[in-house]
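This report refers to the structure that appears directly beneath it.
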Amino acid sequence: MSTQQVKGQQIESVNDFVIRFANVNGTGSASANNLFAKAIFRMGLPVSPKNVFPSNIQGLPTWYEVRVNDKGYVGRRGGVDIMVAVNPQSLAQDIKAVDSGGYFVYDSTKPLDLRLHRNDISIFGIPLTDICRREYTDARQRQLFKNVIYIGALAAMLDLEFDVLKNLIHDQFKGKEKLIAPNIHALELGYQYAEENFSCPLGIRVERRDMVDGHIMMEGNAALGLGAVYGGASVVAWYPITPSTSVIEQFEKYAKRLRIDPGSGKRNYAIAQAEDELSAIGMVVGASWNGARSFTATSGPGVSLMSEFLGLAYFAEVPTVLFNVQRSGPSTGMPTRSQQSDLLLSAYASHGDTKQVLMFPSTPKECFDMGADSFDLADRLQTPVILMSDLDLGMNEHFSEPLEWDDSKLYDRGKVFSETELDEMSDRYGRYLDIDGDGICYRTYPGTHPTKGAFFTRGSSRDRYAKYTESSDEYVDNMQRLLVKWETAKNYVPQPEFRPAKQSTRDGMIYFGTTTASAEEALDILSAKGLHMDAMRVRGFPFNADVEAFIEDHDRVFVVEQNRDGQLRTMLINECEINPSKLKSLLCYDGLPVTARWIVEAITGSGTTDNVVPLSKEVKV
Amino acid sequence: MTYHRPEFRHPDLPTNDLGYTKKQYEGAISTLCAGCGHDSISAGIIQACFELSIEPHKVAKVSGIGCSSKTPTYFLGSSHGFNSVHGRMPSVATGANLANRELTYIGVSGDGDTASIGMGQFAHVVRRNLNMLYLVENNGCYGLTKGQDSATADVGSMGKKGTPNPFEPIDLCTLALELGATFVARSFSGDKEQLVPLIKAALSHSGFALIDVISPCVTFNNTTTSTKSYEFVREHIEATGKTDFIPVRQEITADYDPGFTQEVTLHDGSVIHLYKEDENLDVHNRLSAIQAIHERKAKGEILTGLLYLDPDCQDLHEIIGSVEKPLRDLDETALCPGNRSLEAINDSLR
Ligand SMILES: Cc1ncc(C[n+]2csc(CCOP(=O)(O)OP(=O)(O)O)c2C)c(N)n1
Ligand code: SF4
Ligand SMILES: [Mg+2]
Numbered sequence: 045m046s047t048q049q050v051k052g053q054q055i056e057s058v059n060d061f062v063i064r065f066a067n068v069n070g071t072g073s074a075s076a077n078n079l080f081a082k083a084i085f086r087m088g089l090p091v092s093p094k095n096v097f098p099s100n101i102q103g104l105p106t107w108y109e110v111r112v113n114d115k116g117y118v119g120r121r122g123g124v125d126i127m128v129a130v131n132p133q134s135l136a137q138d139i140k141a142v143d144s145g146g147y148f149v150y151d152s153t154k155p156l157d158l159r160l161h162r163n164d165i166s167i168f169g170i171p172l173t174d175i176c177r178r179e180y181t182d183a184r185q186r187q188l189f190k191n192v193i194y195i196g197a198l199a200a201m202l203d204l205e206f207d208v209l210k211n212l213i214h215d216q217f218k219g220k221e222k223l224i225a226p227n228i229h230a231l232e233l234g235y236q237y238a239e240e241n242f243s244c245p246l247g248i249r250v251e252r253r254d255m256v257d258g259h260i261m262m263e264g265n266a267a268l269g270l271g272a273v274y275g276g277a278s279v280v281a282w283y284p285i286t287p288s289t290s291v292i293e294q295f296e297k298y299a300k301r302l303r304i305d306p307g308s309g310k311r312n313y314a315i316a317q318a319e320d321e322l323s324a325i326g327m328v329v330g331a332s333w334n335g336a337r338s339f340t341a342t343s344g345p346g347v348s349l350m351s352e353f354l355g356l357a358y359f360a361e362v363p364t365v366l367f368n369v370q371r372s373g374p375s376t377g378m379p380t381r382s383q384q385s386d387l388l389l390s391a392y393a394s395h396g397d398t399k400q401v402l403m404f405p406s407t408p409k410e411c412f413d414m415g416a417d418s419f420d421l422a423d424r425l426q427t428p429v430i431l432m433s434d435l436d437l438g439m440n441e442h443f444s445e446p447l448e449w450d451d452s453k454l455y456d457r458g459k460v461f462s463e464t465e466l467d468e469m470s471d472r473y474g475r476y477l478d479i480d481g482d483g484i485c486y487r488t489y490p491g492t493h494p495t496k497g498a499f500f501t502r503g504s505s506r507d508r509y510a511k512y513t514e515s516s517d518e519y520v521d522n523m524q525r526l527l528v529k530w531e532t533a534k535n536y537v538p539q540p541e542f543r544p545a546k547q548s549t550r551d552g553m554i555y556f557g558t559t560t561a562s563a564e565e566a567l568d569i570l571s572a573k574g575l576h577m578d579a580m581r582v583r584g585f586p587f588n589a590d591v592e593a594f595i596e597d598h599d600r601v602f603v604v605e606q607n608r609d610g611q612l613r614t615m616l617i618n619e620c621e622i623n624p625s626k627l628k629s630l631l632c633y634d635g636l637p638v639t640a641r642w643i644v645e646a647i648t649g650s651g652t653t654d655n656v657v658p659l660s661k662e663v664k665v
Numbered sequence: 241m242t243y244h245r246p247e248f249r250h251p252d253l254p255t256n257d258l259g260y261t262k263k264q265y266e267g268a269i270s271t272l273c274a275g276c277g278h279d280s281i282s283a284g285i286i287q288a289c290f291e292l293s294i295e296p297h298k299v300a301k302v303s304g305i306g307c308s309s310k311t312p313t314y315f316l317g318s319s320h321g322f323n324s325v326h327g328r329m330p331s332v333a334t335g336a337n338l339a340n341r342e343l344t345y346i347g348v349s350g351d352g353d354t355a356s357i358g359m360g361q362f363a364h365v366v367r368r369n370l371n372m373l374y375l376v377e378n379n380g381c382y383g384l385t386k387g388q389d390s391a392t393a394d395v396g397s398m399g400k401k402g403t404p405n406p407f408e409p410i411d412l413c414t415l416a417l418e419l420g421a422t423f424v425a426r427s428f429s430g431d432k433e434q435l436v437p438l439i440k441a442a443l444s445h446s447g448f449a450l451i452d453v454i455s456p457c458v459t460f461n462n463t464t465t466s467t468k469s470y471e472f473v474r475e476h477i478e479a480t481g482k483t484d485f486i487p488v489r490q491e492i493t494a495d496y497d498p499g500f501t502q503e504v505t506l507h508d509g510s511v512i513h514l515y516k517e518d519e520n521l522d523v524h525n526r527l528s529a530i531q532a533i534h535e536r537k538a539k540g541e542i543l544t545g546l547l548y549l550d551p552d553c554q555d556l557h558e559i560i561g562s563v564e565k566p567l568r569d570l571d572e573t574a575l576c577p578g579n580r581s582l583e584a585i586n587d588s589l590r
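Keeping their order, the protein sequence lines are chains A and B. Residue numbers in the first sequence follow this note's numbering, run continuously in steps of one, and reach 665 at the last position. Residue numbers in the second sequence follow this note's numbering, run continuously in steps of one, and reach 590 at the last position.
Dropping the structure here:
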């Protein structure tokens with residue numbers, strides 16, 4: 045029996061479900077699955093696709109999970125309502141992962157092993173390989189169209205608008221028109237098969253809504269790259285590492301279009317692929333010292349290598365922008381899985397007493413805004429600014445507010461003396477003189493003035509006039525001023541965002557970055573159960589008084605993080621005058637984005653966290 | 241301790257084309273050991289920049305860490321300088337140069353800074369043909385950490401500590417030639433006659449110019465048993481020939497025997513005359529340079545002078561096609577595409 049429809053206990057839902065595709069890496073499945081997600085988006089619904097891929101180019105299992113939700117929850121929910129299993133290697137795990145009452149779609153060319161059979165789910169066999177063998181002679185086509193065929197079948201099973209899919213195919217193959225008809229044919233093959241063999245639609249289906257409201261689907265890395273273009277970065281240095289590589293690729297893609305000098309056809313930017321991350325950050329420091337806006341992007345292992353330079357930039361006070369797209373560590377860890385585990389590494393990067401300014405975006409729109417703003421912030425504070433993204437945010441497409449730019453905005457280049465200002469100056473120029481009392485001093489760019497304003501930049505101690513000194517007093521004076529600057533930074537970093545509970549409560553929740561969407565859904569679920577919590581999303585480091593006050597105002601505060609050691613909690617305890625026992629860690633660090641259900645269950649204790657089954661464990665046989 | 245140089249100006253001090261005296265190219269008083277070769281190289285840089293009439297503030301000085309890397313404080317006091325981290329000067333120089341292609345970049349490094357910790361960055365800055373003078377002050381030891389052997393120390397060479405170096409040395413000139421360097425020279429801190437024209441030529445070259453300057457460490461590596469001592473180098477030095485550098489603006493007046501000279505015109509129109517000792521060396525031929533170095537080495541000699549030059553090379557900016565204007569001078573108009581472009585991008589993401 046290849047098909048079984050369980051009556052009665054089926055999951056029934058309109059516009060709220062999780063579908064997971066199980067594929068083989070390198071078979072073209074990602075673009076077909078993306079077609080599915082995009083079709084839902086074009087039907088006016090919030091959608092969030094997540095690619096779970098191996099560190100491999102071809103052959104290993106890969107999953108693609110799509111959350112559809114018309115209330116606007118776009119984080120991972122947890123669980124699987126529909127599984128599309130096209131990878132024989134992972135079939136056994138995949139069928140087990142389906143929620144009771146859910147739906148299992150598989151390639152029935154080879155009959156399902158009876159031992160895997162489940163009575164509590166509906167099972168749909170589509171002979172995908174057979175259909176492809178019949179229709180196509182070319183091996184590559186057989187492989188590629190198999191994916192398109194199951195999308196066609198899903199269109200019938202879930203009530204996707206077929207025209208929407210056709211339009212997407214037209215858009216996708218603009219310029220390669222020959223490919224349009226065969227792709228649409230493959231969609232039709234799947235659609236027909238489902239119509240003829242199953243009673244369509246299923247208990248889960250999609251209905252058009254009008255909830256998109258100008259939103260876009262964008263990867264965080266693309267938004268960061270574009271943010272750097274808008275923020276005025278002109279010198280880019282990097283060394284390839286997943287998951288940060290596409291930040292630079294996207295910067296280049298946009299710069300090639302938007303940053304060409306109309307007169308000469310030459311580039312208003314420079315990109316250097318460095319020999320390693322030490323060199324990449326060295327180039328950024330050199331370029332920034334010389335007055336250009338410059339950045340690099342990397343991930344954990346790269347940040348480790350950059351550590352020495354980050355200390356130099358902190359102490360020598362050179363603006364330095366670094367985008368850290370985090371992945372699972374330690375060491376190579378799970379390089380294609382997500383985590384928020386570089387907080388301590390980044391916040392206290394380098395030897396000696398160093399503290400670094402951090403920003404935590406949570407959507408592509410925020411990647412764009414903070415990406416652009418990071419250059420203002422670094423110039424204003426004359427220190428490194430590290431933007432903390434992660435693989436989930438960077439490499440998955442997110443349902444995001446559209447990007448905007450205020451054309452009247454001018455870059456804030458911070459405190460820089462011009463040639464005229466130096467000319468008019470009667471006092472002796474001192475690079476490290478705190479004229480304004482905010483800990484930030486005036487710099488000059490090399491080559492500004494023939495006789496005034498030159499100074500020597502170094503990582504060793506110096507006096508206020510940048511002269512080398514080993515005087516203890518001068519050293520301490522300088523280190524104290526850097527603390528004044530740290531206080532000033534609190535007014536400039538992105539402020540926290542608050543989400544008050546519907547009823548007054550003594551419980552709070554803190555989260556940041558990609559935990560946000562799941563946490564918001566969890567908060568609403570908890571609130572429906574009568575558990576009300578005020579919430580705070582941390583967006584920057586150093587923490588300001590509001591962060592401390594939030595903790596002060598609550599008796600119990602859950603800190604949700606995607607790392608093992610509760611790194612944000614450690615930083616909060618380290619930096620704020622608070623009672624540490626108030627802060628309860630909720631730590632999900634299996635490499636997959638945290639789910640709303642996991643947070644709810646961790647808090648309600650309805651399963652201890654051990655009973656919550658994250659995706660990684662589900663797929664373990 | 242701070243030092244102040246007595247401030248008085250002699251009315252008759254000679255000035256260069258820009259009206260600057262040589263004094264205006266000087267820096268703070270050196271804190272290196274008396275007699276350190278590195279100080280003579282700083283003097284050479286001052287002399288060369290003065291003679292070339294470079295505007296002092298249009299130079300950016302960069303270095304790594306070491307006694308050698310401290311020297312940028314001791315020349316060109318009106319220039320910005322950056323004493324960065326050990327072995328990473330090339331990356332700082334690369335970033336700085338990408339930001340502003342109009343300044344002149346002088347990088348100073350040591351043999352430890354370049355041939356050990358900084359080997360990777362050195363190799364890659366050569367490959368990129370960054371427009372800069374890269375000066376290695378090569379004393380065969382780590383001066384600042386008190387005399388350990390460096391990777392350029394010759395086999396058997398023995399410093400103050402008295403153990404002969406057992407490891408093969410790295411020859412930075414042949415290595416740079418192998419990596420595609422477009423200007424390679426070697427000199428000796430004790431030979432100002434040779435060093436100053438070489439620095440002038442290197443500063444006028446538009447591309448990567450390496451000068452490996454043997455620069456004895458009087459405190460840790462100037463023993464009779466060291467091959468980087470004054471005595472040893474003086475006895476074993478062999479010059480490729482005498483070099484004369486004629487800047488663009490200057491009329492060529494030197495009288496020379498054409499049979500023994502090679503004339504090289506640089507990108508900016510200035511001319512180098514090489515009065516050759518070694519007729520087999522062709523400074524336009526990489527292989528000939530590598531061979532000449534090896535042949536002399538086999539005889540126990542150190543070949544100095546201009547070794548190789550490619551005046552028609554493309555520097556990093558030309559390779560990547562960046563605009564003529566310094567990138568750091570671009571403002572919002574050139575850098576920010578504005579909201580209209582963003583609307584189109586939003587549309588493409590729906
Ligand atoms: C990362 C790092 N490791 C080690 C050191 C210690 N250190 C300072 S200078 C130096 C060697 C310098 O040798 P060289 O470049 O030959 O310069 P010299 O003093 O001989 O001119 C070392 C190992 C350092 N500053 N940084
Ligand atoms: S230790 Fe050697 S290299 Fe360093 S300053 Fe003294 S003589 Fe020069
Ligand atoms: Mg040395």
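Where is the CB? At the ideal position from N, CA and C, for every residue including glycine.
- When the Cα atoms are used, Ser397/B and Glu514/A turn out to be separated by approximately 35 Å.
- Sequence-ordered contacts of the stretch 441 to 470 of chain A with chain B read Pro446, Leu447, Glu448, Trp449, Asp451, Leu454, Tyr455 [C-beta pairs closer than 7 Å].
- Taking C-beta separations shorter than 6 Å and ignoring five residues to either side along the sequence, the partners of Pro490/A in its chain run Asn334, following chain order.
- Look at the stretch 250 to 266 of chain A: the residues with a C-beta under 9 Å from a C-beta of chain B are Val256, Gly258, His259, Ile260, Met261, Met262, Ala266.
- By the neighbour-count criterion, in which a residue is buried when 16 or more other Cβ atoms sit within 10 angstroms of its Cβ, Ile101/A is exposed.
- At the C-beta level, Ala300/B and Thr344/B come within 9 Å of one another.
- At least one heavy atom of ligand 3 is found less than 8 Å from the C-beta of Tyr382/B.
- If only complete runs of 4 or more residues are kept, the stretch 252 to 288 of chain A shows the alpha helix (DSSP H) at 264 to 274, in order along the chain.
- Put simply, the CB of Thr501/A is near chain B, with a gap under 9 Å to one of its CB atoms.
- Using a CB distance below 9 Å, the part of the stretch 560 to 579 of chain B facing chain A consists of Ile560, Gly561, Ser562, Val563, Glu564, Lys565, Pro566, Leu567, Arg568, Asp569, Leu570, Asp571, Glu572, Ala574, Leu575, Cys576, Pro577, Gly578, Asn579, ordered along the chain.
- Distances between the C-beta of Phe428/B and the heavy atoms of ligand 2 are all 8 Å or more.
- DSSP assignment within the stretch 582 to 635 of chain A yields the following whole beta strand (DSSP E) runs of 3 residues or more, N-terminal first: 600 to 605, 627 to 631.
- Shown here, Pro155/A sits in coil according to DSSP, grouped into three states, outside any helix or strand.
- The residue among Ala593/A, Phe339/A, Gly355/A with its C-alpha nearest the C-alpha of Leu366/A is Phe339/A.
- The alpha-carbon separation between Pro105/A and Gly327/B amounts to approximately 43 Å.
- Below 8 Å, too few C-beta pairs join the stretch 522 to 535 of chain B and the stretch 304 to 313 of chain B to call them touching: fewer than three.
- Relative to ligand 2, the beta carbon of Val458/B is positioned inside 8 Å of a heavy atom.
- Taking the Cα of Glu352/A as reference, the smallest distance to any Cα among Ile305/B, Ala288/B, Phe428/B is reached at Ile305/B.
- Going by beta carbons, Arg590/B and Met615/A fall outside the 9 Å limit.
- Annotated as distal: Leu547/B and Ala441/B, with beta-carbon spacing of 9 Å or more.
- Contact with chain B is found for Lys511/A, since one of that chain's Cβ atoms lies less than 9 Å from the residue's Cβ.
- In the DSSP annotation of this structure, the continuous segment of the beta strand (DSSP E) that includes Phe500/A starts and ends at 500 to 502.
- Listed in chain order, the positions of the stretch 401 to 425 of chain B with a beta carbon within less than 8 Å of a beta carbon of chain A would be empty, since no residue qualifies.
- Within a 10 Å sphere around the beta-carbon of Gly509/B sit fewer than 16 other beta-carbons, which makes this residue exposed.
- Proximity of the beta carbon of Val325/B to ligand 1 is indicated: a heavy atom of the ligand is located closer than 8 Å.
- With a threshold of 8 Å, the Cβ atom of Cys307/B counts as near ligand 3, since some heavy atom of the ligand is closer than that.
- Look at Ser462/A here: in three-state DSSP terms it is coil, with no helix or strand label.
- Under DSSP, the beta-bridge partners assigned to Ser57/A are Ile248/A.
- Counting only residues of its own chain and dropping the five nearest sequence neighbours on each side, Ser323/A has a CB closer than 8 Å to the CB of Ala281, Tyr283.
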